[in-house]
Amino acid sequence: MAEEDSYAALAGIISNLAKQYTPTKDDFNGRIAANSIESNRSLLPGADSDAKRQLEREIAALASRVQYLENRVASSASTVFPVTPNEPLQSAFSPESSPTATRVLTSRPRSASLVNSLLAKSESPKGTAVPRQLTEEELGVLRDHVDRQSEQIKAQKEYIDSINETLQQQRQATEQALGGIESSMDDVETLKRELSKNQQINATYQKVLREIGSIVTAVANGDLSKKVLISAKERDPEIATFKRTINKMVDQLQDFASQVTHLAREVGTEGRLGGQAVLPGVSGIWAELTQNVNIMADNLTNQVREIAVVTTAVAQGDLSRKVQRPARGEILQLQQTINGMVDQLRTFATEVTRVSRDVGTEGVLGGQAQIEGVQGMWNDLTVNVNAMANNLTTQVRDIAEVTTAVARGDLTQKVKAECKGEILELKSTINSMVDQLRQFAHEVTKIAREVGTEGRLGGQATVHGVEGTWKDLTENVNGMANNLTTQVREIAHVTKAVARGDLSKKVGAEVKGEILELKVTINTMVDRLSTFAF
């Protein structure tokens, strides 16, 4: 309503300006239309209304009247008069030092005269418009004239707007002052009621804040068992919402702490992997925390399970597996340590297998396990395996040398390598065998020399502690010597008897082979001698 009143007042003021123009007598609109000079409608800012449209029409009419009056004054005298009554030669709304303003003022008499001349020439005697072709100079003059009028109207419009704004401000200030005086008494009572109400609200807020502060302090101290009490008749809905939010936060913290504690106990204490924290309805940082805890548990589960698979495979003798899951930090160090252990075990097993195969299966002695970079127990194992292979090589080669010498008839050598356990027993057995063979050879050689070379019968081979074949050999040698002694002595006894003329004796010993032939020959000889004697 205030704007419409202002528009109506301004329209009344403007309608009384430039009254020298009479449209019935001076047909300025026809002249403008005939010379292609159209008056533009002035548009004011703000909501559209009847008062505003009326003001815009009055402004447009004022512009038309002012334009016509300027042209008429310019054509009636050579002196340049103000464009409107009481208006200075230079517009107050344009810069004083503008060269454009100077050019417009100096050229105004000529342009105004030219415009009036064009308007006069374009009218017929009866007052009707006759179209004609304008020159470039005439069009330029008309354009300058229109531009100058537009600038002046714009400046006047801005001045009117500033006046309107000042009036509005003064009106509002007056209304506020009057309204303040009228309602001052009511405001005092209202102020008292509001103060009392605010005191009650402040007391309620203080109570709520103290209660919420105690809950927040308990949460900060790790106590999640307390909650804010919500009254069934809560006066302020925002306080009720705030309390429910605090209680919801405490519930979410309880669920989060419970789930994380449960998961930590399962994984860290009970060793049960694969658990996950389940918190439905959480969002924001709580959802991120839950997701990160679950990712941590899942990564730990996968890494520990893979390490368990690899170590189980190692325990079962499978050295082909390694920990391959991506890891970081200390888990990565553990992964690298386990993979390094598997590599060392595989190298150790390969070398020990090679040495064992060379020594135990292929009989290639002198081999050594070559394992680089081992330390501690693995180094001790490598040294012990190499020492075992070296000792076994030395002992076997010594035994082989002695047995080779025995096979060649050399009974002077013995096993001298330092041995223990069953290898020591083997060494003792071989050395004892060499001693027995040497004693057996000595006794057999002695019997053979006594019987075969020296002719001394009755000797016996004496080999102590022999058993088995060596005992049988000794008994056979002794049996042979005994049989040979018995047979030779009986033959000698018979031949001596024959030599003494006693032909009653014969060889009665049981003999075989050539000795049997000798026995038969001697007995035949005795028989023939007996026949010949008788």
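Position 434, counted from 1, in the sequence shown is what our numbering calls 466; the numbers after and before it change by one each time, with no gaps. A virtual CB, placed ideally from N, CA and C, is assigned to each residue, including glycine. Computed from a prediction, not measured in an experiment: that's the story for all the values here.
Within 8 Å, strictly: CB atoms of residue i and residue j
i	j	result
Gly399	Val387	yes
Val406	Asp430	no
Val355	Gln365	no
Lys551	Val543	yes
Lys538	Asn555	yes
Ala435	Ile462	Inspection of the sequence shows that residue 435 is occupied by Thr rather than by Ala. Taking 8 Å as the Cβ cut-off, Thr435 and Ile462 qualify as a contacting pair.
Ile370	Ile339	yes
Gln427	Ala401	no
Val374	Leu351	yes
Ile91	Lys189	yes
Ile479	Gly491	yes
Leu285	Val310	no
Ala493	Val476	yes
Thr333	Gly306	yes
Lys280	Ile262	no
Val282	Leu256	yes
Val466	Leu443	yes
Ala95	Ile192	no
Ala439	Gln445	no
Ile195	Val240	no
Beta-carbon proximity list for residue i, same chain, < 7 Å, skipping 5 on both sides
i	result
Ser130	Since pLDDT at Ser130 reaches only 41, below the 50 mark, its modelled position is unreliable, and no value is offered.
Ile244	Val260 and Ile278
Ala513	Ile479, Val483, Gly491 and Gln492
Buried or exposed by the 16-neighbour rule on C-beta atoms within 10 Å, applied to residue i
i	result
Ala419	exposed
Val341	exposed
Arg225	exposed
Arg63	Residue confidence is low: Arg63 scores 46 on pLDDT, short of 50, so the model does not pin down where it sits. Its coordinate-derived value is still stated next. Buried.
Ile247	buried
Leu87	buried
Lys84	buried
Ala565	exposed
Gln335	buried
Ala421	buried
Asn253	exposed
Ala347	exposed
Ala93	buried
Leu295	buried
Same chain, Cβ closer than 6 Å to residue i, neighbours up to 5 away in sequence not counted
i	result
Thr563	none
Asp390	Val396 and Gly399
Thr132	Note that Thr132 scores 42 on pLDDT, short of 50, meaning its location in the model is unreliable; the coordinates nonetheless yield the value given after this. Result list for Thr132: empty, nothing under 6 Å.
Lys459	Val447 and Cys451
Leu561	Leu535
Ala345	Arg353
Arg470	Leu443
Glu522	Val539 and Ala541
Gln99	Gln181
Ile547	Gln519
Cβ neighbours of residue i in the same chain (closer than 8 Å, five flanking residues each side left out)
i	result
Gln468	Val495, Gly497, Val498 and Trp502
Asn118	The predicted model places Asn118 with a pLDDT of 43, which falls under 50 and marks its position as unreliable, so this point remains unresolved.
Phe472	Ala493, Val495, Val498, Trp502, Leu505 and Thr506
Trp318	Gln284, Phe288 and Leu311
Val299	Leu305, Gly307, Ala329, Leu332 and Thr333
Arg337	Leu305
Glu486	none
Glu433	Gln445
Asp268	Ile233 and Thr236
Thr343	Ile370
Notebook entry, point to check: If you pair each beta-carbon of the region 310 to 326 with each one of the region 282 to 293, do three or more pairs fall below 8 Å?
Noted result: yes
Item checked: Cβ contact (3+ pairs, closer than 8 Å) linking the region 354 to 366 and the region 376 to 391 -> no
Check: Hey, is the region 527 to 541 in contact with the region 493 to 509, meaning 3+ C-beta pairs nearer than 8 Å?
Finding: no
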